[in-house]
Amino acid sequence: MAELKLSESRDLTRIERIGAHSHIRGLGLDSALEARDVSEGMVGQTSARKAAGVILQMIKEGKIAGRAVLLAGQPGTGKTAIAMGMAKSLGLETPFAMMAGSELFSLEMSKTEALMQAFRKAIGVRIKEETEIIEGEVVEVQIDRPAVAGAASKTGKLTLKTTEMETVYDLGAKMIEALGKEKVQSGDVIAIDKASGKITKLGRSFSRSRDYDAMGPQVKFMQCPDGELQKRKEVVHCVTLHEIDVINSRTQGFLALFTGDTGEIRSEVREQIDTKVAEWREEGKAEIVPGVLFIDEVHMLDIECFSFLNRALENEMAPILVVATNRGITTIRGTNYKSPHGIPIDLLDRLLIITTQPYTEDEISKILNIRCQEEEVEMSEEAKHLLTKIGVDASLRYAIHLITASSLACQKRKGNIVEMEDINRVYHLFLDVKRSTQYLMEYQSQYMFIQTGNIFKPAAIGIPKNPMNTVANHCAKVSGAVLANFPRNSIIMIWNTTVELRTPTKT
Numbered sequence: 001m002a003e004l005k006l007s008e009s010r011d012l013t014r015i016e017r018i019g020a021h022s023h024i025r026g027l028g029l030d031s032a033l034e035a036r037d038v039s040e041g042m043v044g045q046t047s048a049r050k051a052a053g054v055i056l057q058m059i060k061e062g063k064i065a066g067r068a069v070l071l072a073g074q075p076g077t078g079k080t081a082i083a084m085g086m087a088k089s090l091g092l093e094t095p096f097a098m099m100a101g102s103e104l105f106s107l108e109m110s111k112t113e114a115l116m117q118a119f120r121k122a123i124g125v126r127i128k129e130e131t132e133i134i135e136g137e138v139v140e141v142q143i144d145r146p147a148v149a150g151a152a153s154k155t156g157k158l159t160l161k162t163t164e165m166e167t168v169y170d171l172g173a174k175m176i177e178a179l180g181k182e183k184v185q186s187g188d189v190i191a192i193d194k195a196s197g198k199i200t201k202l203g204r205s206f207s208r209s210r211d212y213d214a215m216g217p218q219v220k221f222m223q224c225p226d227g228e229l230q231k232r233k234e235v236v237h238c239v240t241l242h243e244i245d246v247i248n249s250r251t252q253g254f255l256a257l258f259t260g261d262t263g264e265i266r267s268e269v270r271e272q273i274d275t276k277v278a279e280w281r282e283e284g285k286a287e288i289v290p291g292v293l294f295i296d297e298v299h300m301l302d303i304e305c306f307s308f309l310n311r312a313l314e315n316e317m318a319p320i321l322v323v324a325t326n327r328g329i330t331t332i333r334g335t336n337y338k339s340p341h342g343i344p345i346d347l348l349d350r351l352l353i354i355t356t357q358p359y360t361e362d363e364i365s366k367i368l369n370i371r372c373q374e375e376e377v378e379m380s381e382e383a384k385h386l387l388t389k390i391g392v393d394a395s396l397r398y399a400i401h402l403i404t405a406s407s408l409a410c411q412k413r414k415g416n417i418v419e420m421e422d423i424n425r426v427y428h429l430f431l432d433v434k435r436s437t438q439y440l441m442e443y444q445s446q447y448m449f450i451q452t453g454n455i456f457k458p459a460a461i462g463i464p465k466n467p468m469n470t471v472a473n474h475c476a477k478v479s480g481a482v483l484a485n486f487p488r489n490s491i492i493m494i495w496n497t498t499v500e501l502r503t504p505t506k507t
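In UniProt numbering, the protein residues as written are 1 to 507.
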């Protein structure tokens with residue numbers, strides 16, 4: 001009996017991963033593109049969500065391609081959440097590729113190749129083709145097995161019918177194996193692709209609905225097909241340009257899609273594929289679906305990547321580019337020039353900029369409520385109020401991290417509802433950034449190499465030729481150090497207890 005219970009509990013165990021944005025279902029907009037206060041996991045940021053909704057509507061209608069949007073705002077204001085909401089609202093038909101700015105820097109391929117592959121992942125091709133299928137209700141399946149092992153392979157007969165006709169088909173070994181895999185039995189409605197031999201189980205006939213007293217929720221009942229058994233049907237395949245590139249570029253073909261070992265794809269292969277896709281478009285066999293490429297932490301890209309983006313956005317088959325950054329006026333990577341958001345001015349000029357604002361206390365409370373529901377944590381009103389205060393004083397991310405930790409602390413004291421004492425306990429166990437910084441400032445003398453970064457150049461910051469008084473202000477503990485009469489270009493390095501003088505050597 002114990003073994004039986006154990007096996008049942010194992011079957012019922014379900015692994016659920018809860019991510020930082022797993023509670024988001026969409027942008028939370030109504031039909032007039034007005035942002036609801038709390039909807040589909042989104043809270044606040046009404047103007048940013050409206051702007052994202054307008055972009056989304058234009059993407060769905062296919063009116064824009066090769067445009068770029070910048071989500072700019074302070075850390076923890078929901079930039080990635082808005083991008084995730086856009087991805088969920090687009091649905092499965094529109095390709096959505098997501099990457100971080102630091103992912104491009106790899107030893108295996110160049111930065112421009114990684115960016116090009118990301119662009120091609122965000123462009124879909126909807127290919128239409130007509131196939132011949134056999135569709136009908138299974139009347140009978142007969143399989144003749146050989147009496148002697150090792151003799152001829154199995155053979156069989158399959159009887160299919162529609163409302164107008166009935167036909168018997170002879171089956172080979174592969175078709176018998178495919179029927180066994182799909183667990184096809186009499187009463188099932190199936191479709192067989194004549195070209196590939198693939199069998200699809202569509203459902204079960206209404207005439208057999210009383211065969212069993214109870215059936216699972218996965219059983220779908222349908223009418224017996226009418227008309228001819230053999231029909232021509234239009235099938236639509238949705239693939240990305242990157243998948244076509246990989247299949248045509250390597251000897252192992254589509255297996256590279258699963259291993260991830262795509263490597264660099266030659267430009268000649270891409271040109272041939274683009275030519276073929278253009279032919280299919282003219283013939284009406286295929287249509288291009290421009291998707292969305294989302295690059296988070298875009299300030300991590302260097303000047304070469306930005307110049308590549310400038311050119312790539314002008315391509316006729318470019319996706320919608322959505323980038324996000326939390327930087328203000330900062331240095332463009334790879335140069336000594338400063339620019340807003342760390343992005344060159346010529347690329348900024350092509351961007352539609354959407355800004356996000358810090359969350360209010362009421363909005364933080366609503367977000368924490370949604371996260372508690374997502375993580376299945378019951379919390380008292382006092383504990384929620386305290387957690388909201390922590391979110392306002394420290395950060396929203398820190399408050400969200402405390403939800404699961406406080407739930408575990410509640411379980412340890414055999415409780416069901418998280419109380420203020422649980423929040424208080426984990427708050428003192430795990431420090432936020434402000435308290436951690438304060439702790440470092442208090443005990444900095446006990447850490448290793450804490451002051452190795454304090455390097456002063458006299459010419460750069462105006463230290464006089466005899467800087468005894470100036471340096472003494474920076475390191476009051478230093479005694480007996482002779483700093484007078486050193487050259488103008490020399491470097492003073494302030495250590496924990498010593499002042500080291502370094503004179504640059506001439507090369």
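For glycine and all other residues, C-beta sits at the position ideal for the given N, C-alpha and C. Note that the structure is predicted; figures quoted are calculated from it, not measured.
Other residues of its chain near residue i: CB distance less than 6 Å, five sequence neighbours each side excluded
| i | result |
| --- | --- |
| Y439 | none |
| T452 | Note that T452 has pLDDT 47, beneath the 50 cutoff, so the model's placement of it is unreliable and no number is given. |
| S47 | none |
| D432 | A394, Y398 |
| S153 | A173 |
| E164 | none |
| Q142 | G156, K157 |
Residue i - partner residues in DSSP beta bridges
| i | result |
| --- | --- |
| R204 | D188, F221 |
| R126 | C238, E287 |
| A68 | L321, L351 |
| V138 | L160 |
| S39 | M42 |
| T131 | K233 |
| P340 | I329 |
| F294 | M98, V322 |
| E34 | According to DSSP, E34 bridges with nothing at all. |
| D193 | I133 |
| Y169 | L158 |
| V277 | Answer is none; V277 lacks a bridge partner. |
| V418 | M379 |
| D302 | R333 |
| L29 | A35 |
| I199 | I192 |
| D144 | T155 |
Residue j beta carbon less than 8 Å from that of residue i
| i | j | result |
| --- | --- | --- |
| T131 | D226 | no |
| L321 | L293 | yes |
| L171 | L160 | no |
| I353 | L70 | yes |
| V219 | L202 | no |
| L90 | I127 | no |
| N310 | D362 | no |
| I364 | L396 | yes |
| residue 558 | G85 | This structure cannot settle anything about residue 558, because the visible part of the chain is limited to 1 through 507. |
| P319 | G291 | yes |
| I288 | V54 | no |
| G187 | S205 | yes |
| H341 | R327 | yes |
| V418 | V392 | no |
| A383 | M420 | yes |
| A191 | I273 | no |
| R371 | I400 | yes |
| A409 | F430 | no |
Sequence-distant residues of the same chain with beta carbon closer than 7 Å to residue i, five excluded per side
| i | result |
| --- | --- |
| V298 | G101, V323, A324, T325, I343 |
| V269 | D245, N248, S249 |
| S277 | Going by the sequence as given, residue 277 is Val instead of Ser. Hits under 7 Å: V125, A286. |
| E140 | T159, S186 |
| M99 | A118, I295 |
Close beta carbons around residue i, own chain, < 8 Å, minus the five adjacent residues each side
| i | result |
| --- | --- |
| Q223 | S205, F206 |
| V235 | K128, E129, E130, T131 |
Any non-hydrogen atom of the ligand GTP within 7 Å of residue i CB
| i | result |
| --- | --- |
| E316 | Absent from the structure shown: the ligand GTP. Ligands present: none. |
Checklist entry - Is the region 104-111 in contact with the region 300-307, if contact means three or more CB pairs nearer than 8 Å? => result yes
Checklist entry - How do the region 327-337 and the region 31-47 stand: do at least 3 beta-carbon pairs fall below 8 Å, yes or no? => result no
Next on the checklist: Would the region 42-52 count as touching the region 70-83 if we require 3 or more Cβ pairs under 8 Å?
Outcome noted: With the cut-off at 8 Å, the region 42-52 and the region 70-83 touch.
Next on the checklist: For the region 113-120 against the region 171-181, do three or more pairs of beta-carbon atoms, one drawn from each stretch, fall closer than 8 Å, so that the two count as touching?
Outcome noted: no
Item to check | Complete runs of the alpha helix (DSSP H) confined to the region 369-397 [at least 4 residues] | outcome: 381-393
Checklist entry - Does the region 228-237 touch the region 208-216, meaning 3 or more C-beta pairs lie closer than 8 Å? => result These segments do not touch.
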